[in-house]
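To start, the structure itself, in structure tokens.
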Amino acid sequence: MKTVNIVDTGTIHRIMEIGLEATDQHMDGYYNFGAKQKLYNILWTTLIELSRCSTFEGEKEWIKEHEPEELKLG
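Residue 63 in the numbering used here sits at position 63 of the sequence shown, and the numbers go up by one each step.
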């Protein structure tokens, strides 16, 4: 995953830790699902905050350049 040094690395690190908790094969589904729920809450909160923002000059290009390969369509 390509990250940019704009966001606090501690925040990104914690999100990645939660992702590991959601996929840990040594834990049961109850634990994994709880972690996945946290990820959904982070996603939804982020999407809400992004929807409140204006669109800026160069934003589409920046997104295209920095969007993780795993999320790019076709």
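Backbone N, C-alpha and C define an ideal beta-carbon position, used for all residues, glycine too. The structure displayed is predicted, hence computed values, not measured ones.
Q.
Quick check on the DSSP output: the alpha helix (DSSP H) that includes Arg-14 runs from which residue to which?
A. 9-23
Q.
On the DSSP letters alone, give me the boundaries of the alpha helix (DSSP H) that His-66 sits inside.
A. 59-66
Q: Identify whether Phe-33 lies in helix, strand or coil by the three-state DSSP scheme.
A: helix
Q: Compute the beta-carbon to beta-carbon distance between Leu-39 and Ile-18, rounded to the nearest angstrom, for a pair I have assumed lies under 8 Å.
A: 6 Å
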